[in-house]
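Just below is one structure, and these are the notes that go with it.
There are 4 protein chains.
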Amino acid sequence: MENIKLPRREREKLRQRREILDTALDLFSVKGYHNVSMHEIAEKAEFAIGTLYRFFENKEALYKALIMEQSEKFHRVLNEAIDISGNEVEKIHGYIKAKGRMFMKNTSMIRLYFAETRGASFNIKAGLDADIRKIYDGFLHKLAAVFEAGIKKKRFKKILDPYYLTVALDSLTNAFLFLWLEDPKRHPYLKNVEAIMEIFFNNVRIA
Amino acid sequence: MENIKLPRREREKLRQRREILDTALDLFSVKGYHNVSMHEIAEKAEFAIGTLYRFFENKEALYKALIMEQSEKFHRVLNEAIDISGNEVEKIHGYIKAKGRMFMKNTSMIRLYFAETRGASFNIKAGLDADIRKIYDGFLHKLAAVFEAGIKKKRFKKILDPYYLTVALDSLTNAFLFLWLEDPKRHPYLKNVEAIMEIFFNNVRIA
Amino acid sequence: MENIKLPRREREKLRQRREILDTALDLFSVKGYHNVSMHEIAEKAEFAIGTLYRFFENKEALYKALIMEQSEKFHRVLNEAIDISGNEVEKIHGYIKAKGRMFMKNTSMIRLYFAETRGASFNIKAGLDADIRKIYDGFLHKLAAVFEAGIKKKRFKKILDPYYLTVALDSLTNAFLFLWLEDPKRHPYLKNVEAIMEIFFNNVRIA
Amino acid sequence: MENIKLPRREREKLRQRREILDTALDLFSVKGYHNVSMHEIAEKAEFAIGTLYRFFENKEALYKALIMEQSEKFHRVLNEAIDISGNEVEKIHGYIKAKGRMFMKNTSMIRLYFAETRGASFNIKAGLDADIRKIYDGFLHKLAAVFEAGIKKKRFKKILDPYYLTVALDSLTNAFLFLWLEDPKRHPYLKNVEAIMEIFFNNVRIA
DNA sequence: GATGAATGAGTTTTCATTCAT
DNA sequence: GATGAATGAAAACTCATTCAT
Chain A
1176 MENIKLPRRE REKLRQRREI LDTALDLFSV KGYHNVSMHE IAEKAEFAIG TLYRFFENKE
1236 ALYKALIMEQ SEKFHRVLNE AIDISGNEVE KIHGYIKAKG RMFMKNTSMI RLYFAETRGA
1296 SFNIKAGLDA DIRKIYDGFL HKLAAVFEAG IKKKRFKKIL DPYYLTVALD SLTNAFLFLW
1356 LEDPKRHPYL KNVEAIMEIF FNNVRIA
Chain B
1176 MENIKLPRRE REKLRQRREI LDTALDLFSV KGYHNVSMHE IAEKAEFAIG TLYRFFENKE
1236 ALYKALIMEQ SEKFHRVLNE AIDISGNEVE KIHGYIKAKG RMFMKNTSMI RLYFAETRGA
1296 SFNIKAGLDA DIRKIYDGFL HKLAAVFEAG IKKKRFKKIL DPYYLTVALD SLTNAFLFLW
1356 LEDPKRHPYL KNVEAIMEIF FNNVRIA
Chain C
1176 MENIKLPRRE REKLRQRREI LDTALDLFSV KGYHNVSMHE IAEKAEFAIG TLYRFFENKE
1236 ALYKALIMEQ SEKFHRVLNE AIDISGNEVE KIHGYIKAKG RMFMKNTSMI RLYFAETRGA
1296 SFNIKAGLDA DIRKIYDGFL HKLAAVFEAG IKKKRFKKIL DPYYLTVALD SLTNAFLFLW
1356 LEDPKRHPYL KNVEAIMEIF FNNVRIA
Chain D
1176 MENIKLPRRE REKLRQRREI LDTALDLFSV KGYHNVSMHE IAEKAEFAIG TLYRFFENKE
1236 ALYKALIMEQ SEKFHRVLNE AIDISGNEVE KIHGYIKAKG RMFMKNTSMI RLYFAETRGA
1296 SFNIKAGLDA DIRKIYDGFL HKLAAVFEAG IKKKRFKKIL DPYYLTVALD SLTNAFLFLW
1356 LEDPKRHPYL KNVEAIMEIF FNNVRIA
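Protein chains in written order, with our numbering: chain A, 1176 to 1382; chain B, 1176 to 1382; chain C, 1176 to 1382; chain D, 1176 to 1382.
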């Protein structure tokens, strides 16, 4: 976060890395891993190919770095949203809103994220899948803990295993974000998710 | 459907096409579009490469044909499940069960289907996305019509636009099929979906 | 040896392989492993690059095949020369003459052979060195056995370990072949080797 | 030789050049010209790449300088050994011993030297071959002169052109140094060369 | 003068597609 | 019609060399 004090050389390096990653995000999210060449990234980012390889050992490493970065950023924001909010009901609402905000500001991130977590990813030989899944699962369990706490505090009825409640919520928010992505005017994410949460909360909330 | 009366030559051709598609399904579903070569398909299917090109103009066309075929088969079964069942509540149940049965019998189909409908698919340059989406959307609207009819017949409260109800249901079944795919013992699909539908139906069903 | 009965397809394949190897021999022997590109070989042999890879898994495999082939051919001829000749003294003479004939007919082979057996070869990651050395050593020991037999039969005095005699003979023939290679007119191989063998045989031969 | 009086700046420069060359010798002798990068040399020598290019115009020039230096050093020692020793027989012995001492103390030099003088060298586009060969030939002729003088003084019989005697001697010493390099315990250089020289000297020496 | 980041030409290799047999 | 050898465009990646700081 605090790169104010970094020596100029280091800052420059970070800026370049950033530019490469941003360009790669643009390209990968539109065309997919296999339809983007290192040449293309280099050209669009206005670097020589060799420079890309100074920053990333190979194409896969670049892709993995990108995915991990986006994934971490994404889950960091969601985690914060949960931590900041007050009671369990508010935490859930915080999560829904933060997720919406995140995606709406970073539509290319969504495509990449969905490609790797929902569709079966065949892009990376090994490891990434596991690494991403760990972050993702970590977050799901954190969300499950919120439901669990809410149940203990009698804020929710225990009508379902908290983990499954979480999976359901995650899946529903994704589905409505996807709809929004297709036609933002016609399918307002927040309104729809809140409507569907009504159904849950009517049941789930105690009062 | 009825190829009993086809001349022998035609039947033979169909049988070969089928073998190619089956082999391709096996390979694509495990390794992904870009990690399977035409050579590999030809070898595993025990045809010459040239023969593959008699049946399909190019690799993309083969993949597209496969996806479309699976998609049609999949939605045909779901459509039938809805058509056969009695009232609207039963139709919804029929859909949930048929979808589960389908996937559990054809796990390779699931991987492919999810890769193309949930993750952003980058495998096909253009067109497939649209074609698949049409079939998919067609089915969603049919399901939405069931909810709508149910609401009209006062079987369900109108707490949500029927289309969104459908999207929610589809998303939830997918999520729990995914869980089941990861660990079939631990995450029984039907039990979980029914539990979550409880929440809906308590609200949604009138009596 | 007998490819008269090979099906036409097989013969054609062998002919192509031969053409690639011959072209590669020409190029490698003049420019060295690292200064010849697969493109260059393909172009000179009038094949597409891909065709080279149908015959050899990669550049190293092509080089290794070439070296092994030349090495085997070379040592086969030398072995035969020894086997055919009469007594031990004649066998040694047979070897010297056959080696000369071999090299004079295949000057590019010499360069390659010397590059791999005498200079330290850094061309092949692993294995070749050992494989070639095995053939080479096998032959040296066969030659040593001739000296040994000659000593037993009192044809030679035992003035030196037979293996060292062999190494000396091998080294001397190489040296004079090298001289011949530089200036064939001025440095006649056979005359020189025979002169130097005089020194040995005067000592070595009993009568 | 006498760099005592060189200004400090000059001495410093020489010292750096030396460090680069020593590092390069280590690397080239183990991995070969094409498997060592300028980067690797720079890193191991703890200089910036640019600095290497201050001292040597390019990679080839660095390699050539190294080879020439080693070659000169090598032949200087051999020349001295010949000059110092007494009569012709002692000079020959002096050469054999000095060559052995040299190589045993500088095994990396041997590998490099053999790679360039015995195997066909493909490392240098042009020129080096000729330059090295000149030094090498110069030495051979000096050695030949010793034989010639010995013959004139009736110390040796003239059984062979002195130049060929020299080539033979050089080749034999190399062969036994190579054996020694492979297994120093098993193949003692000096003992073997002396044994083989016995054969020569019995003939060659007059009394 | 020293540094080492940046460059990009050149290398190996893959694989969809064609077409002579 | 079927075959599969041949093709060559295009990809990933390396490394000698330059030059701004």
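Where is the CB? At the ideal position from N, CA and C, for every residue including glycine.
In this text the structure is predicted, and so the values were computed from the model without any measurement.
| query | Exposed or buried, which one is C:Glu1265 when buried takes at least 16 other CB atoms within 10 Å? | reply | exposed
### Message
Within a Cβ cutoff of 7 Å, which residues of the same chain sit near C:Pro1337, ignoring the five residues on either side of it in sequence?
### Response
Ala1319, Phe1322, Glu1323 and Ile1326
field: Environment of D:Asp1345 [buried if 16+ CB atoms lie within 10 Å]
entry: buried
Q) Do the stretch 1264-1280 of chain A and the stretch 1359-1368 of chain A touch if we need at least three Cβ pairs shorter than 8 Å? A) yes
- Do three or more CB pairs link the stretch 1213-1226 of chain A to the stretch 1239-1251 of chain A at distances below 8 Å? no
* To do: Could you tell me which chain A residues have their CB closer than 8 Å to the CB of B:Ile1326, listed as they occur along the chain?
  => Near B:Ile1326 there are no residues of chain A at all, since even the closest Cβ is about 14 Å away, more than 8 Å.
Q: Closer than 8 Å by C-beta to C:Phe1230: which residues in its own chain qualify, once you throw out the five before and the five after it? Chain order, please.
A: Gln1191, Arg1192, Ile1195 and Leu1237
query = With 16 as the cutoff for other CB atoms within 10 Å, does A:Glu1255 come out buried or exposed?
reply = exposed
_Same chain, Cβ closer than 6 Å to A:Leu1189, five either side skipped, listed in chain order_ = none
Q. Cβ of B:Glu1263 within 8 Å of Cβ of B:Arg1330?
A. yes
With H, G and I counted as helix, E and B as strand and the rest as coil, what does DSSP make of B:Lys1206? helix
Anyone know if the C-beta pair for B:Leu1241 and B:Ala1199 falls short of 8 Å? yes
ask   = Applying the criterion that 16 or more other CB atoms from any shown protein chain within 10 Å of the CB defines a buried residue, is D:Ser1212 buried or exposed?
value = exposed
Starting from the C-beta of A:Thr1292, find all residues in its chain whose C-beta is less than 7 Å away, skip the five residues before and the five after it, and write them out in chain order. Ile1307 and Tyr1311
**OP:** Please compile the residues from chain A whose C-beta is within a distance smaller than 8 Å of the C-beta of B:His1250.
**Re:** Within chain A, no residue comes near B:His1250; the closest Cβ sits about 18 Å away, beyond 8 Å.
Checklist line | Own chain residues within Cβ distance below 8 Å of D:Leu1352, not counting five before or after | finding: Lys1274, Gly1275, Phe1278, Ile1285 and Tyr1364
Alpha-carbon to alpha-carbon, A:Leu1347 and A:Glu1369: 11 Å
Would you say A:Lys1206 faces chain B, with C-beta separation under 8 Å as the test? yes
- Under 8 Å between C-beta atoms, does C:His1209 make it to chain D? yes
ask   = Under a three-way DSSP split, which group does C:Ala1223 fall into?
value = coil
Relative to the C-alpha of C:Val1342, which candidate in D:Val1342, D:Gly1269, D:Tyr1339 and D:Ala1350 has its C-alpha closest?
D:Ala1350
Starting from B:Val1252 and walking both ways along the alpha helix (DSSP H), at which residues does that stretch end?
Lys1234 to Ile1259
Cα-Cα, which of A:Arg1184, A:Asp1197 and A:Ile1371 is closest to A:Phe1282?
Reading off the sequence, residue 1282 of chain A comes out as Thr, not Phe. Residue A:Asp1197 is the option with its Cα nearest to A:Thr1282.
Less than 7 Å between C-beta atoms, sequence neighbours within five positions excluded: which residues of the same chain meet that for A:Pro1359? none
> Sorted by chain position, which residues of the same chain lie with C-beta nearer than 7 Å to D:Leu1253's C-beta, five sequence neighbours on each side aside?
Replying inline: Tyr1270, Ala1273, Lys1274 and Phe1314
- Query: Relative to chain C, which residues along the stretch 1334-1346 of chain D have a C-beta separation below 7 Å, given in chain order?
  - Reply: Ile1334, Leu1335, Tyr1339, Val1342, Ala1343 and Ser1346
Partners in chain C for D:Leu1354, counting only beta-carbon separations shorter than 7 Å:
Val1342
How should B:Lys1239 be labelled, buried or exposed, when 16 other C-beta atoms within 10 angstroms of its C-beta is the threshold for buried? buried
Does C:Asp1121 come out as helix, strand or coil in the three-state DSSP assignment?
In this structure chain C extends from 1176 to 1382, so residue 1121 of chain C is not present and cannot be described.
Review point. Looking at D:Leu1287 and D:Ser1204, is the spacing between their C-beta atoms short of 8 Å?
Key: yes
| field | CA-to-CA distance, A:His1214 to D:Lys1280, given in whole angstroms | value | 50 Å
Original post:
With a cut-off of 8 Å, does the C-beta of A:Glu1263 fall near any C-beta of chain B?
Top reply: no
(message) Classify C:Gly1207: buried if its beta carbon has 16 or more other beta carbons within 10 angstroms, exposed otherwise.
(response) buried
Item to complete: Give a yes or no on whether 8 Å exceeds the smallest Cβ distance from C:Glu1373 to chain D.
Response: yes
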